[in-house]
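Colleague:
Residue numbers (my numbering): 21 to 311.
#1: Taking the beta carbon of residue 267 as the centre, do at least 16 other beta carbons fall within 10 Å, making it buried, or is it exposed?
#2: For residue 57 and residue 246, what's the separation of their Cα atoms in angstroms?
#3: Let me confirm a value: residue 31 is counted as buried when at least 16 other C-beta atoms fall within 10 Å, else exposed. Which label applies?
#4: Got a sec? Which residues, its chain only, sit under 6 Å from residue 34 by beta carbon, not counting five neighbours each side?
#5: Going by other Cβ atoms of all chains shown within 10 Å of its Cβ, with 16 needed for buried, is residue 81 buried or exposed?
#6: I need the DSSP call for residue 254, collapsed to helix, strand or coil.
#7: Cα separation between residue 94 and residue 214?
#8: Please work out which residues of its chain come closer than 8 Å, Cβ to Cβ, to residue 156, disregarding the five sequence neighbours upstream and downstream, and give them in chain order.
#9: Can you find the residues in the same chain that come closer than 8 Å, C-beta to C-beta, to residue 311, ignoring five residues on each side of it along the sequence?
#10: Between residue 134 and the rest of its own chain, which residues show a CB-CB distance below 6 Å, the 5 nearest in sequence each way excluded?
#11: Within its chain, find whatever has a CB closer than 6 Å to the CB of residue 71; leave out the 5 residues flanking it on each side and keep chain order.
#12: Which residues in the same chain have their Cβ closer than 7 Å to the Cβ of residue 313, if we skip the five residues on either side of it in sequence?
#13: With distance defined between alpha-carbon atoms, name the residue in 271, 248 and 272 nearest to residue 264.
#14: For residue 238, which of helix, strand or coil comes out of DSSP?
#15: Count the other C-beta atoms from every protein chain shown that fall within 10 angstroms of the C-beta of residue 256, then say buried if there are 16 or more, exposed otherwise.
#16: From this set, 279, 281, 289 and 262, which residue's C-alpha is nearest residue 304's C-alpha?
#17: On the DSSP letters alone, give me the boundaries of the alpha helix (DSSP H) that residue 102 sits inside.
#18: Tell me whether residue 108 is buried or exposed, calling it buried when 16 or more other Cβ atoms sit within 10 Å of its Cβ.
#19: Could you name the residues that DSSP lists as bridge partners for residue 157?
#20: Alpha helix (DSSP H) containing residue 209: first to last residue?
#21: Taking Cβ positions, are residue 174 and residue 159 nearer each other than 7 Å?
#22: Should residue 296 be labelled buried (16 or more other beta-carbon atoms within 10 Å of its own) or exposed?
#23: Taking the beta carbon of residue 62 as the centre, do at least 16 other beta carbons fall within 10 Å, making it buried, or is it exposed?
Here it is in structure tokens:
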């Protein structure tokens with residue numbers, strides 16, 4: 021029983037990271053029908069920048085806030101220079117290549133700066149563990165899935181109860197109609213990419229004290245976050261968060277009862293099988309185009 025609880029709690033922690041990253045993909049796709057494939061590197065920017073700012077003398081809380089803001093700025097700038105020029109070209113998917121290229125350059129620069137070493141981010145959340153039904157876990161890990169759920173609820177509240185949120189929903193539904201109604205489509209898309217960047221950097225700040233910050237820390241979470249978004253239904257915010265948490269728990273059980281090597285094989289095999297049965301994802305809705 022203790023082992024099962026341990027796997028569930030640890031799985032929810034890593035699943036919360038996948039959920040936050042996947043939620044960013046949901047936000048970007050909903051507004052632009054395009055995503056930032058360097059989104060995983062936003063997680064790395066948040067974690068590493070918080071480490072360097074803390075070393076420079078900033079208090080932990082302020083260092084984390086600045087790092088999260090930098091992630092949002094990264095998303096904003098990348099949308100402007102690597103995504104928007106291609107959205108105006110009918111049928112162009114150039115944003116795929118440009119965002120991947122930017123991600124590789126950012127990761128390479130971070131590798132040069134860190135010389136390939138991981139850096140710890142001290143946090144009171146990892147000073148001592150707590151025990152739940154005999155399972156030990158850091159408070160920092162318990163916070164991660166809670167933040168993912170709160171972020172999803174906050175996004176839904178933003179979309180339903182604010183003018184900006186309604187503009188985001190209008191742009192997601194039909195860009196041309198939203199523009200005719202006076203909505204600045206480019207500004208809404210830019211805000212969506214910035215908001216996704218904030219979530220990605222927040223994920224990096226949250227997980228860095230647990231796994232240590234490194235130049236490559238965002239590669240697998242970025243890839244798995246995108247996979248989670250597709251499996252859950254990239255058009256559904258609750259769907260991607262639920263799927264992210266379940267996916268993380270599944271990974272821990274595979275690690276514990278089979279092997280770490282089998283984790284990726286089983287995880288991505290389930291992704292393929294799920295999409296064969298549910299092409300729009302588990303919680304996604306079929307998009308119908310009227311002509």
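Cβ coordinates follow ideal geometry from the N, Cα and C atoms, glycine included.
Modeller: In brief:
#1: buried
#2: 9 Å
#3: buried
#4: 268
#5: exposed
#6: coil
#7: 7 Å
#8: 26, 149 and 150
#9: Model confidence at residue 311 stands at a pLDDT of 43, short of 50, so the residue's coordinates are unreliable and nothing is read from them.
#10: 235
#11: 139, 141 and 233
#12: No answer is possible for residue 313: the residues shown for the chain start at 21 and end at 311.
#13: 248
#14: coil
#15: buried
#16: 262
#17: Note, residue 102: premise wrong, no alpha helix (DSSP H); not H, not E.
#18: exposed
#19: 150
#20: 205–231
#21: no
#22: exposed
#23: buried
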